[in-house]
Each structure stands twice: as C-alpha cells, then as structure tokens.
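Residue numbers (the working numbering): 5 to 86.
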C-alpha cells in the first residue's frame, strides 16, 4: 500500500512541522480542517498543507515530490470542503 506523506508548513516561522501519513489529499485536508475547527491548531491562518511524497508500506521506499495542497486559512473562512 502507498501512503502519502504530508506536512504542515508554518509560513511565519518558515519551517515544516513533523510529517504524517494519510491515504490521499482529501483525508489529509479533512484531518487539518477538523484540527482547526476543534481549536487544536494554533495560528492556523499562518499554516499550509503540503504533500511531501509517498511511502510504500511493502517495500519501504519513499519517493519525494513536494506539492502545495491546502491553505488552512480557508478552513477558518469556512472553506472546509475540499
């Protein structure tokens, strides 16, 4: 199975936070929006979601390809639907 590797970037700090794994962009966005709505993500307006690549659970191979996915300020504005 291949899992996508995601990471939140804090634009104000200029750094990425610890990565996490999800099946696809929709589930990663949902998890981030839920965290924003539950006030579990401080300074969400400064944060963006990126996909860093994929992790193959059968081979252990990690492929890298950094892509912007979602701006968390959209979750604050009510744009939770992805």
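Where a beta carbon is used, it is the ideal one built from N, C-alpha and C, also for glycine.
Item                                                                                          : Value
Length of the line joining the Cα atoms of residue 37 and residue 63                          : 31 Å
Option nearest residue 23 by Cα separation, candidates 51, 59, 33 and 10                      : 10
Same chain, Cβ closer than 6 Å to residue 47, neighbours up to 5 away in sequence not counted : none
Beta-carbon separation (whole angstroms), residue 74 vs residue 56, contact threshold 8 Å     : With 8 Å as the limit, residue 74 and residue 56 do not qualify as a contact, their Cβ atoms being about 14 Å apart.
Rounded separation between residue 44 and residue 12 - CA only                                : 13 Å
Helix, strand or coil at residue 62 [DSSP, three-state]                                       : coil
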